[in-house]
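Heads up, the thing below is written out as C-alpha cells.
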Amino acid sequence: MKVFIYNADGLTIPVEVEPGLPFKFTCTEEECGREVVMEGVVRYADEAEFTRVLRDTIAENPDFKKILEITARNLIFEGKVNGREVVLPVESFDDFAKRFLDEVLVLR
Numbered sequence: 005m006k007v008f009i010y011n012a013d014g015l016t017i018p019v020e021v022e023p024g025l026p027f028k029f030t031c032t033e034e035e036c037g038r039e040v041v042m043e044g045v046v047r048y049a050d051e052a053e054f055t056r057v058l059r060d061t062i063a064e065n066p067d068f069k070k071i072l073e074i075t076a077r078n079l080i081f082e083g084k085v086n087g088r089e090v091v092l093p094v095e096s097f098d099d100f101a102k103r104f105l106d107e108v109l110v111l112r
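Just so you know, we're using our numbering here: the sequence shown kicks off at 5 and counts up by one.
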C-alpha cells in the first residue's frame with residue numbers, strides 16, 4: 005500500500021508499506037533536502053485514535069493544519085523518525101486521490 009506519512013521531521017513522505025508489518029525507509033538528502041530515516045509500522049487505528057494523533061501533530065507543527073481535511077481516518081505510523089519516537093497520521097494514496105477529487109477539484 006502506498007501512503008503519505010505526515011510531519012516526518014516536518015515533511016510529508018510517500019512510502020510503500022504493508023500495514024501491520026515493520027519497515028525501514030530512508031529518504032535521502034537529494035530526495036528530501038535532508039536525510040530522513042523512518043523505522044516502525046503503519047497500522048490501522050480507530051477514528052478517535054487517529055483524530056488524537058492528527059491534533060497532536062498539528063499542535064506540534066501548525067504547517068500541517070491542512071490535513072484536518074483527511075476523511076479516511078484509519079492509519080497511523082508508530083516508530084522512530086531520525087531516532088525520535090513518534091506517532092504520526094498516515095493517508096493512503098487512494099484516499100488522498102479521492103479526497104482531492106471530492107474536495108479540491110470542483111467540476112462544473
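By construction, the Cβ of each residue, glycine as well, lies at the ideal position given by its N, Cα and C atoms.
Since this is a predicted model, take the numbers as computed values, not measurements.
For the alpha helix (DSSP H) containing residue i, list its first residue and its last residue.
| i | result |
| --- | --- |
| K102 | 97-103 |
Below 8 Å on the Cβ atoms is my guess for residue i versus residue j; work out the distance and round it to an integer in Å.
| i | j | result |
| --- | --- | --- |
| T32 | E39 | 6 Å |
| N78 | A49 | 6 Å |
| F29 | V45 | About 12 Å separates the two Cβ atoms, so there is no contact after all. |
| I71 | V57 | Not confirmed; about 11 Å, so no contact. |
| T61 | F68 | 6 Å |
| G14 | N86 | Actually they are not in contact, since the Cβ atoms of G14 and N86 sit about 11 Å apart, beyond 8 Å. |
| F97 | K6 | 4 Å |
How far does the beta strand (DSSP E) with residue i in it extend, from its first residue to its last?
| i | result |
| --- | --- |
| G83 | 79-85 |
| A12 | 6-12 |
What's the call for residue i, buried or exposed, on a 16-neighbour Cβ count within 10 Å?
| i | result |
| --- | --- |
| A52 | exposed |
| E95 | buried |
| G83 | buried |
| T75 | exposed |
| L92 | buried |
| F152 | Coverage of the chain is limited to positions 5 through 112, which leaves residue 152 absent and any answer about it impossible. |
Considering only residues of the segment 21-68, which uninterrupted alpha helix (DSSP H) runs meet the minimum length of 4 residues and lie entirely inside it, listed in chain order? 33-36, 51-64
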